[in-house]
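Engineer: Sharing a structure here in structure tokens format.
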Amino acid sequence: MLTLLSKAARRGSFCDGYSRRDFLTVGGSIAGGLTLASVLRAEAARGAGPSHKSLINIFLPGGPPHQDLWDLKPDAPAEIRGEFKPISTNVAGIQVCELLPNLAAIMDKLVIIRSIVGARGPHYAEQCMLPRLAPDSPSLGAWISRLQGPA
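In this text, residue positions in the sequence shown follow this note's numbering: the first is -1, and each later residue adds one.
Set out below in structure tokens:
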């Protein structure tokens, strides 16, 4: 959710109510807005539709944590890193857990989404398509529709 005014600014204060984050948010929005038209024109000129055929969402409620499967920290202190070792995949720079050798062999056909963030305790509600807790955030179905085009 984009909030342009900090809590202090919304209460009626002026310049001193803005944080550095507020300033960067507004500046980044302006920079993105200035380049958006050219990006959309380039996409339209390309003329090619989306090449994605399907999306498989691997959702493991109660499963192993991400830091033991996808986000291993082998150089972290022992109390932080997991018990499993990372192995290289067929994509340079990406490593997965040693328990996933078959997945490591086909990593060039997969993508790891590391940007799911939730503001509430139960992760399943933030990561699944329904229920959408934030009314202004797109659901998983909206992303699939965006990538594949209308049905």
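Quick reminder that beta carbons are idealized off the backbone N, C-alpha and C, glycines included.
Does the beta-carbon distance from N88 to I104 come in below 9 Å?
Structural biologist: Cβ distance < 9 Å, so N88 and I104 count as in contact.
Engineer: From which residue to which residue does the beta strand (DSSP E) around P99 run?
Structural biologist: First-last for P99: P99 to A103, but that is the alpha helix (DSSP H), not the beta strand (DSSP E).
Engineer: Measuring only the C-alpha atoms, how far is Q146 from P75?
Structural biologist: Using only the alpha carbons, I get a separation of about 43 Å.
Engineer: Quick one: measure Cβ to Cβ for Q93 and G80, integer angstroms, because I've assumed they're closer than 8 Å.
Structural biologist: With a Cβ gap of about 12 Å, Q93 and G80 do not count as contacting.
Engineer: With distances taken between CB atoms, is the gap from W68 to R19 smaller than 9 Å?
Structural biologist: Taking 9 Å as the Cβ cut-off, W68 and R19 do not qualify as a contacting pair.
Engineer: Sort out for me which residues DSSP pairs A86 with in a bridge.
Structural biologist: According to the sequence as given, residue 86 is Ser; it is not Ala. In the DSSP output, where bridge partners are listed per residue, S86 has Q93.
Engineer: Distance, Cα to Cα, G139 vs E96?
Structural biologist: G139 and E96: Cα-Cα distance of roughly 32 Å.
Engineer: Between L70 and K83, is the Cβ-Cβ spacing less than 9 Å?
Structural biologist: Yes. Within cutoff.
Engineer: I142 to R39, Cα distance in whole Å?
Structural biologist: Roughly 22 Å separates the two Cα atoms.
Engineer: DSSP three-state label for K107, please.
Structural biologist: Reduced to three states, the DSSP call for K107 is helix.
Engineer: What span of residues does the alpha helix (DSSP H) with L67 cover, start to end?
Structural biologist: H64 to L67 is the span of the alpha helix (DSSP H), which, as asked, contains L67.
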